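Residue numbers (our numbering): 42 to 430.
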Amino acid sequence: MSRRDRALLLAGATVAAAALTWFATIWHAFFDLSIYDGAVSYWLRDGGMIYDWLRLESRYGFTYPPFAAFLMAPMAYLPWPLVIVVACVATVVTTALIVWWVFGPAIRRHGRPPAFMAALTLLAVAVFEPMRETFVFGQVNTLLLAVVAADLLFLVARGSRWAGVGVGLAMAVKLTPGVFLLWLLVTRRWRAAAVATGTAAAATLLAAAAAPDMSREFWTSAIFDTNRVGTLAFVSNQSLQGVVARLSPAASPVWGLLLAAAALAVWAWRVRRADVPAGLALTGVLGCLVSPVTWVHHLVWLLPAFLLVVERGLGGERRLLWFAGVSWALMCSRVVWIWERNPAGPVGFLGSNLYVWISVALLFLVPPRRGAGLSDRAGTVRAWAYPRN
């Protein structure tokens, strides 16, 4: 491909990504970010209980632990446009870091030139529906994924005494990343698991000491209020529990638990043979499947899995490249929303749960290890030699 052709391809992809993001931004208008901003402003500027605040004409309020509220506290003193700018920049930067950390070896190995492949990869990520949703809702998903990825790929992989800190901090901000503590335990990284647990506990206790009433409200009441997060059967809930809820609103949640247990068994079987990047990818997939609520924007946790599948596909396994390409296109298309109002019938069942089926496939298809020669030339520890602690 000539330099002119590469420039035209990048220009076209950039315009497409910008247009999709712009229209999505108009539609969603940083809805979740406005909840964070309104809730912390109500708490710090009006003296109210953060978990009592609800967005105007909605039932949605602040759902994160108190430690997250302290991290978001600066929002209360910044003008709304600046809050949006900071959130957007943080999302873009953390996304770029995640892509480079996970997919960098493939970019250096297959990119001609590497800068072109890196730019094209970022544009492909930008049109991925979970990434678009994270950006335009103003969600924190990529920030948490970046913290966990940095911990696993650099601290855990190198046997650092600080390994587990990132997982612990992410757990203190949001409960879902706790699935990575399970990964540390299953792979017998006892010290890192202890550090993660201690970090999460310390952050939680620190928040409790600073705001005891808020902590009491969250851990005894708000955490159990499922009305604050939405309806399980809503098509945006692309978890196994969402599959059960759409199949029959009256179905017992036990069925969802049984499916989650099956996913957990497959994950445990696969992850014990996996290196750290694959462990990151597989555990991100597991978290999406077993969480009671996995909104579409939560599916950014699938990003490492997709990147590793593409990397292996570029290395010669074309079936994986085809799977990644077709699945990626489907997850850029918003196709599940066709069945937003009526997921009934065989076609509705298959279509409304499409992202769940892709997640299940990824649980089986993520390569457990990178092949020889894919290590970072700058000195990153070889994937197959990652120590355990």
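The beta-carbon is built from N, C-alpha and C at its ideal position, and this holds for glycine as well.
Computed from a predicted structure; not experimentally measured.
Could you tell me how far apart the beta carbons of residue i and residue j are, in whole angstroms, since I believe they sit closer than 8 Å?
i: LEU210; j: THR162; result: Rounded, the Cβ-Cβ distance is 27 Å, inconsistent with contact.
i: LEU193; j: VAL341; result: With 8 Å as the limit, LEU193 and VAL341 do not qualify as a contact, their Cβ atoms being about 16 Å apart.
i: ILE125; j: LEU74; result: 7 Å
i: PRO218; j: VAL189; result: 6 Å
i: MET255; j: ALA110; result: 7 Å
i: ALA237; j: VAL214; result: Actually they are not in contact, since the Cβ atoms of ALA237 and VAL214 sit about 13 Å apart, beyond 8 Å.
Can you give the Cα-Cα distance for residue i and residue j, rounded to whole angstroms?
i: PHE275; j: ALA304; result: 21 Å
i: ARG230; j: ARG313; result: 12 Å
i: PRO122; j: SER393; result: 35 Å
i: LEU343; j: MET372; result: 11 Å
i: CYS129; j: ALA301; result: 33 Å
i: LEU299; j: LEU362; result: 31 Å
i: VAL134; j: VAL140; result: 10 Å
i: LEU323; j: VAL334; result: 18 Å
i: GLY328; j: PRO345; result: 13 Å
i: SER289; j: TYR396; result: 19 Å
i: SER201; j: LEU349; result: 24 Å
i: ALA315; j: GLY356; result: 18 Å
i: TYR9; j: VAL388; result: Because the chain is modelled from 42 through 430, residue 9 falls outside the range shown and cannot be assessed.
i: LEU273; j: TRP94; result: 22 Å
i: ARG100; j: GLY354; result: 44 Å
i: ARG410; j: TRP224; result: 16 Å
i: ASN182; j: ALA263; result: 21 Å
i: GLU352; j: PHE157; result: 16 Å
i: VAL285; j: TRP296; result: 7 Å
i: TRP310; j: PRO115; result: 43 Å
i: LEU164; j: THR136; result: 11 Å
i: GLY414; j: LEU406; result: Low confidence applies here, because GLY414 scores a pLDDT of 38, under 50, leaving its location unreliable; read the following figure in that light. Roughly 21 Å between the two C-alpha positions.
i: GLY457; j: TRP336; result: This structure cannot settle anything about residue 457, because the visible part of the chain is limited to 42 through 430.
i: THR261; j: ARG232; result: 30 Å
i: TYR118; j: PHE364; result: 46 Å
i: ALA249; j: ASP266; result: 20 Å
i: LEU404; j: TRP308; result: 7 Å
i: ALA131; j: GLY325; result: 20 Å
i: ARG382; j: PRO253; result: 42 Å
i: VAL143; j: ARG257; result: 39 Å
i: ARG360; j: LEU97; result: 49 Å
i: LEU247; j: ALA80; result: 20 Å
i: GLY386; j: GLY283; result: 16 Å
i: ALA160; j: ALA306; result: 37 Å
i: ASP87; j: ALA291; result: 41 Å
i: ALA251; j: LEU112; result: 13 Å
i: GLU358; j: PRO408; result: 11 Å
i: GLY89; j: ALA191; result: 36 Å
Spell out the partners DSSP gives residue i in its beta bridges.
i: LEU95; result: GLY102
Give every residue of the same chain whose Cβ lies closer than 8 Å to the Cβ of residue i, excluding the five residues on either side of it in the sequence, and list them in chain order.
i: VAL401; result: ALA304, LEU330
i: PRO120; result: none
i: PHE71; result: ILE125, ALA128, VAL177, PHE178, GLY179
i: ARG375; result: GLU170
i: GLY320; result: LEU193, TRP224, THR228, VAL312
i: SER82; result: MET116, ALA117
i: TRP436; result: Here the chain comprises residues numbered 42 to 430, so residue 436 is not present and cannot be evaluated.
Give me, in chain order, the residues of the same chain whose beta-carbon lies closer than 6 Å to that of residue i; leave out the 5 immediate sequence neighbours on both sides.
i: TRP84; result: ILE91
i: VAL422; result: Any reading at VAL422 needs caution, since the residue's pLDDT is 39, under 50, leaving its predicted position unreliable; the model's value is listed next. So the list reads ALA198, ARG199, once near-sequence residues are dropped.
i: ALA243; result: none
i: SER368; result: ILE399
i: GLY205; result: ALA233, VAL236, ALA237
i: LEU226; result: ALA234
i: SER332; result: THR217, SER280
i: PRO294; result: none
i: ARG287; result: ALA274, PRO384, SER393
For residue i, collect the residues of the same chain with a Cβ closer than 7 Å to its Cβ; drop the 5 residues on either side in sequence, then sort them by chain order.
i: TRP378; result: VAL276
i: PHE259; result: TYR92, PRO106, PRO107
i: PRO428; result: Residue confidence is low: PRO428 scores 41 on pLDDT, short of 50, so the model does not pin down where it sits. Its coordinate-derived value is still stated next. The residues are GLY200.
i: THR245; result: PRO106, PHE108, ALA213
i: HIS338; result: PRO171, GLU174, THR175, PHE178, GLN180, ASN182
i: ALA187; result: THR135, LEU138, ILE139
i: ALA426; result: At ALA426 the pLDDT is 37, less than 50, meaning the model places this residue with poor confidence and gives no usable figure here.
i: TRP380; result: VAL276, GLY389, GLY392, SER393
i: PHE221; result: VAL189, VAL208, THR324
i: LEU185; result: ALA211, VAL214, LYS215, PRO218
i: PHE347; result: ALA365, TRP369
*asked:* So within the region 132-176, which uninterrupted alpha helix (DSSP H) runs reach at least 4 residues, ignoring any that extend past its ends?
replied: Whole alpha helix (DSSP H) segments, 4+ residues: 155-167.
*Would you mind listing the alpha helix (DSSP H) stretches within the region 245-316 that are 4+ residues and don't spill past its ends, in chain order?*
The qualifying runs are 253-261, 281-288, 294-312.
*Identify every run of the alpha helix (DSSP H) within the region 372-400, keeping only runs that are complete inside it and at least 4 residues long; order them along the chain.*
Segments of the alpha helix (DSSP H) lying fully in the region 372-400: 386-393.
_Which complete alpha helix (DSSP H) runs does the region 199-245 hold, if anything under 4 residues is left out?_
Here the runs fully enclosed are 206-214, 220-227.
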